[in-house]
Every structure is written in C-alpha cells, then in structure tokens.
Amino acid sequence: MWTVEATDICQRFNRRLIFEKVSFTVSSGHSLVISGPNGSGKTTLVKIICQLLRPTAGRLLIKGDDKIVTPHEIYPYLGLVGPYLQLYTSLTAFENYSFFSRIRGCTLDIPEFKSLMERWGLKNREFDEVRTFSSGMMQRLKYVMAIMHKPEILLVDEPTANLDEDGSEIVYELMESQKKDKVLILATNEPEELKFGDEKIILNS
Amino acid sequence: MKKLSLIHSAYIVFLKDLHVEFRSRYAVNAIFLFAITTLTAISFSMGPIRLRSEILAPLLWIILFFSSMSGLAHIFVREEEQQTADTLRLLTSPNVVFLGKWFFNMVLLFSLEILIVPVFLAMMGAVVGSPGPFIVVIFIGSLGLASVATLIAAIISQASAKGALFAVLAFPISLPVLISGIHGTQLSMNGGTFSEGMPDLQVLFSFSIVILTLSLLLFEFIWRK
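Chains as they are written, first to last, in my numbering: chain A, 1 to 205; chain B, 1 to 225.
Now the structure itself:
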C-alpha cells in the first residue's frame with residue numbers, strides 16, 4: 001500500500017504566492033486530479049509531488065507499506081509524463097528504453113519493449129531516432145518510458161496533450177488500470193479527464 | 001528491480017552520455033578543434049625557435065585548460081538546453097549523475113591529451129627528460145581539471161551567459177592545478193625524478209580528492225531546484 005501525503009504545501013516564486021495550504025492524501029487504489037486555471041500552479045504541484053521542486057513550506061511524505069520513502073529511494077517507484085519532461089532525442093526509442101530500464105535497475109526486456117511500443121502505436125519505430133518523431137508520437141513514447149517499470153505512483157500532467165483520439169483512448173485505459181491498485185495523480189482541465197479523479201484539488205490563480 | 005551500486009549507476013549515466021556525444025560530437029569537436037587551432041597558432045608564431053621548458057610547460061597547460069573549458073561544460077549544459085535534466089533528476093540520485101558526468105569529462109580530457117600532448121611535443125621539438133613523472137603529472141592534473149570543470153559546469157548550466165561564466169569561474173578554482181601542473185611538467189621535462197616532483201604530485205592529488213569530495217557533498221544542492 002502506497003500513500004502520498006501532503007500537508008499545508010505552500011509555494012512562492014520570489015514574492016509571488018502560487019498556492020498555499022494545499023493538503024491531500026492519496027493511497028493505492030485511488031486517484032487525485034489537480035485542476036485550476038492557467039498559472040494556478042498545477043505543474044508546480046506535480047513537480048513538488050515528484051520531488052523535482054522543494055516546496056517553500058509544508059511537508060510531503062511518500063510511504064510504501066507504511067515506511068517513509070526518502071527522495072533517494074523513490075526513483076524506481078515513480079512515473080511522470082509531462083510536457084516539460086523530455087526524452088533524449090538524439091537516441092533511438094530503444095536506446096532511451098534501454099537507458100531508462102538499466103538506470104532503474106530493471107532487466108532489459110526486449111519482448112516487453114516491443115509489446116509496449118505496439119500497444120502505444122509505435123510499432124516499427126523502435127530503432128528510429130526520437131528527433132524524427134512527431135509531437136504526438138513523442139507523447140506516446142513518454143508514456144512507454146513512464147510505465148515500463150510499472151510504477152506505484154503515476155503522475156500525469158496534461159495527459160492527452162498532443163494526442164489524437166486513439167492515443168487519448170490508450171491513455172484513458174492506462175489511467176483506469178493504474179487507479180485500480182496503484183496511485184494516480186493527474187493535472188488537467190479537460191472535462192472528460194476530471195472524472196478519473198476520486199478526489200479533486202482546485203487551485204486558484 | 002534490483003538496487004544498483006553508485007558506481008554501476010554512474011557507469012550507466014556515463015554510457016548514455018557517451019552515446020549522446022557519439023551522435024552529436026559537440027564537445028569532442030569543440031575541444032579538439034580548439035586544441036588543434038591553438039597548437040597550430042603557437043607553432044607558427046614560434047617558427048624554428050626552440051623554447052625552454054619554462055615556456056613549454058605553461059603553454060601546454062594553457063592549451064589543455066582552455067581546450068577543456070571549451071567543451072567540458074557541455075555535459076550539463078546539454079541536459080538543461082534539451083530539457084532532459086528533469087528527466088535525469090527523476091531517474092537517479094544526484095551523486096550518480098555527478099559521478100557519471102565526471103567520468104565522462106575525464107575520458108574526454110584523457111582522449112584530448114593522448115592526441116594533443118605528443119603532437120605538442122613534436123611540433124615544439126621538446127624533449128621530455130623524465131617521461132614517467134611527466135605522464136603522471138599530466139594524468140593527475142587532468143583529474144583535478146575534470147573535477148573542477150564538472151562542478152562548475154553543473155553550476156553554470158542553470159545560468160544564462162554560460163560560456164563566459166564557465167572559464168571565469170573555473171579559472172580561480174583551477175589555479176592550484178595549473179600552478180602545480182606547470183611546475184611538475186617543467187621539472188619532468190628537465191629530467192626531474194619522482195621524488196623531486198613529489199610536492200607537486202601531492203598538491204595535484206590532494207586537490208583532486210578535495211574537489212571531488214566537495215562536489216559529492218554539494219552537488220545535490222546545485223542539482224535540485
């Protein structure tokens with residue numbers, strides 16, 4: 001059982017207050033949706049949750065089986081897809097996959113890679129440099145990299161950005177399956193995506 | 001999922017950087033072109049004049065220092081410019097990233113030296129009296145230079161005007177390497193033994209260890225926003 005617990009999180013950039021006193025708890029089998037107008041701090045909150053950013057104030061605790069998981073231990077359990085997270089475009093999809101799986105301590109499973117690529121509609125592009133991918137294909141590949149290690153906590157910022165209808169459908173299936181027994185946190189304003197959240201945080205600008 | 005050791009993870013980061021560099025060849029081209037250009041300029045301006053070791057040693061270190069400054073920063077700047085730094089932050093710990101990149105810069109600097117030092121000696125008509133101490137001084141000096149360059153690269157990658165800042169920040173911190181490196185090189189060119197060059201070697205080695213230790217302690221604060 002995994003839990004993400006935020007208590008009175010506050011974020012300022014210089015003197016500008018982005019948000020304050022944001023608290024929530026989300027556990028395995030549940031999901032949280034973060035919404036709010038542009039500039040309200042959705043992405044900032046996502047970055048704080050996955051420890052890319054330190055909050056100005058407040059406490060964020062991630063627990064796995066009731067044990068606190070430190071920032072140094074979290075890497076294999078986290079998956080993030082967001083517009084600001086880029087892949088290595090001079091490497092091929094397979095080289096990216098190989099790097100991501102090895103650094104996470106997973107064994108390089110080529111049949112699994114091929115099946116993931118096929119599922120995400122990227123069949124036959126495995127050995128192409130990522131810079132030759134369209135923005136939609138890049139977004140699909142980001143999902144492949146984020147879920148390859150079956151993360152306990154999946155964070156998705158703008159889940160269907162750049163995706164066509166088929167791509168969005170695969171994302172919805174993924175989010176549905178993730179929230180069954182793991183933690184799903186998504187940041188979105190799309191009405192059809194808000195329903196994936198069991199709990200909702202609305203940030204105000 | 002198995003837990004990887006620090007060294008193993010750093011090696012994976014190093015291999016990734018080597019792979020990316022192999023595709024773009026940015027840092028390799030910058031360093032080697034700078035070194036070759038400087039070497040050619042010095043060689044032409046000197047003509048047939050035979051320089052003494054007091055001049056040759058500083059010239060060699062100036063070439064090595066500025067060549068490394070022209071390319072070693074790229075290891076972190078590339079991650080920030082291509083927005084892959086956050087990806088890396090999500091994948092592994094700061095010390096793994098630092099060690100992987102430090103190792104990459106070391107390999108790059110050693111490759112430069114393997115090519116440039118013999119060419120420099122040949123073009124300048126220099127004779128090395130004690131090749132053993134000479135190689136050790138260059139090797140340990142590069143260790144320090146790569147350590148400084150990697151740490152400063154991490155700092156300046158977050159700033160604008162990266163190119164100008166790099167050399168300016170790296171120069172004062174690299175001074176102990178340059179002073180001892182130049183003195184040790186000069187001594188070995190004149191036929192000095194290991195025991196005569198020991199004070200320089202000790203400074204170079206201690207400095208490298210101090211910078212590496214400090215980097216590992218401080219890097220997390222630089223790397224995490």
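Ideal placement from N, C-alpha and C gives every residue a C-beta, glycine not left out.
Owing to the predicted nature of the structure, the values given are computational and were not obtained by experimental measurement.
Partners in chain B for residue i, counting only beta-carbon separations shorter than 8 Å
{"i": "Arg59 (chain A)", "result": "Within chain B, no residue comes near Arg59 (chain A); the closest Cβ sits about 17 Å away, beyond 8 Å."}
{"i": "Leu186 (chain A)", "result": "Correct list: empty, because the minimum Cβ distance to chain B is about 17 Å."}
{"i": "Leu80 (chain A)", "result": "Leu90"}
Partner residues on chain A for residue i, Cβ-Cβ distance less than 7 Å
{"i": "Asp86 (chain B)", "result": "Leu52, Tyr84 and Leu85"}
{"i": "Pro83 (chain B)", "result": "It is worth fixing the name first, because residue 83 (chain B) is Gln in this sequence and not Pro. Correct list: Tyr84 and Gln86."}
{"i": "Ser9 (chain B)", "result": "Ile103"}
Beta-bridge partners of residue i, as assigned by DSSP
{"i": "Gly79 (chain A)", "result": "A:Leu154"}
{"i": "Val4 (chain A)", "result": "A:Val26 and A:Ile62"}
{"i": "Thr92 (chain A)", "result": "A:Glu129"}
{"i": "Phe19 (chain A)", "result": "A:Gln11"}
{"i": "Ile36 (chain B)", "result": "Answer is none; Ile36 (chain B) lacks a bridge partner."}
{"i": "Glu199 (chain A)", "result": "A:Leu32"}
{"i": "Arg30 (chain B)", "result": "Correcting the residue type first, residue 30 (chain B) is Ala in the shown sequence and not Arg. Answer is none; Ala30 (chain B) lacks a bridge partner."}
{"i": "Val183 (chain A)", "result": "A:Ile153"}
{"i": "Ile68 (chain A)", "result": "A:Lys63"}
{"i": "Ala57 (chain A)", "result": "A:Cys10"}
Chain-order list of residues whose beta-carbon lies under 8 Å from that of residue i (same chain, five-residue window excluded)
{"i": "Ala258 (chain B)", "result": "The structure shown does not extend to residue 258 (chain B), since chain B spans only 1 to 225, so no value can be given for it."}
{"i": "Ser90 (chain A)", "result": "Glu129, Val130 and Arg131"}
{"i": "Leu112 (chain B)", "result": "Ile31, Phe32, Ala35, Leu64, Ser67 and Ser68"}
{"i": "Val77 (chain B)", "result": "Ala153, Ile156, Ser157 and Lys162"}
Interface residues of chain B facing residue i [CB-CB closer than 7 Å]
{"i": "Arg102 (chain A)", "result": "Ile12"}
{"i": "Glu95 (chain A)", "result": "His19"}
{"i": "Gly136 (chain A)", "result": "Ordered by position in chain B, no residue passes the 7 Å Cβ test against Gly136 (chain A), which lies about 18 Å from the chain."}
{"i": "Leu141 (chain A)", "result": "Within chain B, no residue comes near Leu141 (chain A); the closest Cβ sits about 12 Å away, beyond 7 Å."}
Own chain, CB closer than 7 Å to residue i, minus 5 neighbours either side, in chain order
{"i": "Ser174 (chain B)", "result": "Phe65, Leu145 and Val148"}
{"i": "Lys123 (chain A)", "result": "Met117"}
{"i": "Ile42 (chain B)", "result": "Leu59"}
{"i": "Ser208 (chain B)", "result": "Ile140, Leu143, Gly144 and Ser147"}
{"i": "Pro170 (chain B)", "result": "The sequence as given places Ala at residue 170 (chain B); Pro does not occur at that position. Closer than 7 Å at the Cβ level, and outside the excluded window around Ala170 (chain B), lie Met69, Val148, Ala149 and Ile152."}
{"i": "Phe100 (chain A)", "result": "Met145 and Met148"}
{"i": "Val104 (chain B)", "result": "The residue you asked about is not Val; residue 104 (chain B) is Phe in the sequence shown. Only Phe14, Asp17, Leu18 and Ile75 meet the Cβ criterion."}
{"i": "Pro176 (chain B)", "result": "Val203 and Phe207"}
{"i": "Leu121 (chain B)", "result": "Val128"}
Contacts around residue i, its chain only, beta-carbon distance under 6 Å, and the 5 residues preceding and following it disregarded
{"i": "Leu163 (chain A)", "result": "Gly136 and Gln139"}
{"i": "Ala30 (chain B)", "result": "Ser70 and Gly71"}
{"i": "Val171 (chain A)", "result": "Pro159 and Thr160"}
{"i": "Pro94 (chain B)", "result": "Phe219, Glu220 and Trp223"}
{"i": "Glu152 (chain A)", "result": "Trp2, Tyr77 and Lys182"}
{"i": "Gly64 (chain A)", "result": "Trp2"}
{"i": "Glu173 (chain A)", "result": "none"}
{"i": "Phe127 (chain A)", "result": "Thr92 and Phe94"}
{"i": "Leu154 (chain A)", "result": "Gly79, Gln178 and Leu184"}
{"i": "Leu109 (chain B)", "result": "Ser68, Ser142 and Ala146"}
{"i": "Asp157 (chain A)", "result": "Thr43, Val46, Gly82 and Ala187"}
{"i": "Gly184 (chain B)", "result": "Val137, Gly197 and Asp200"}
{"i": "Arg12 (chain A)", "result": "Thr56"}
{"i": "Leu194 (chain A)", "result": "Val33"}
Proximal residues of chain B, C-beta to C-beta of residue i below 9 Å
{"i": "Pro76 (chain A)", "result": "Met1 and Lys3"}
{"i": "Phe99 (chain A)", "result": "Ile12, Val13, Leu15, Lys16, His19 and Leu91"}
{"i": "Leu91 (chain A)", "result": "Lys16, His19, Val20 and Arg23"}
{"i": "Cys106 (chain A)", "result": "Met1 and Lys2"}
{"i": "Leu154 (chain A)", "result": "Chain B residues near Leu154 (chain A): none, gap ~12 Å exceeds 9 Å."}
Per-residue contacts from residue i into chain A (C-beta, under 8 Å)
{"i": "Lys225 (chain B)", "result": "Leu52, Leu53 and Arg54"}
Within chain A, the residues that residue i reaches when beta carbons sit closer than 9 Å
{"i": "Ser130 (chain B)", "result": "Those do not exist, as Ser130 (chain B) stays about 43 Å from chain A at its closest Cβ, beyond 9 Å."}
Below-7 Å beta-carbon distance, residue i vs any chain C residue
{"i": "Phe127 (chain A)", "result": "Included in the structure are the protein chains A and B, with no chain C among them."}
Between the stretch 15–37 of chain B and chain A, which residues of the former have CB atoms less than 7 Å from a CB of the latter, in chain order? Residues passing the 7 Å Cβ filter: Lys16, His19, Val20, Arg23 and Ser24.
Can we say the stretch 80–89 of chain B touches the stretch 198–205 of chain A, given the rule of at least three CB pairs closer than 8 Å? no
Using 8 Å as the Cβ pair cut-off and three pairs as the minimum, do the stretch 68–77 of chain A and the stretch 17–25 of chain A touch? no
Under 8 Å: do the stretch 128–137 of chain B and the stretch 178–197 of chain B share three or more Cβ pairs, one atom per stretch? They touch, by the three-pair rule.
Output, in sequence order along the chain, the residues in the stretch 27–38 of chain A whose CB is closer than 7 Å to any CB in chain B. none
Does the stretch 50–67 of chain A come close enough to the stretch 99–106 of chain A that 3 or more CB-CB pairs lie under 8 Å? No, they do not touch.
Please confirm if the stretch 5–18 of chain B is in contact with the stretch 49–59 of chain A, defined as three or more CB-CB distances below 8 Å between the two stretches. As far as the Cβ criterion goes, the stretch 5–18 of chain B does not touch the stretch 49–59 of chain A, which means the pair count is below three.
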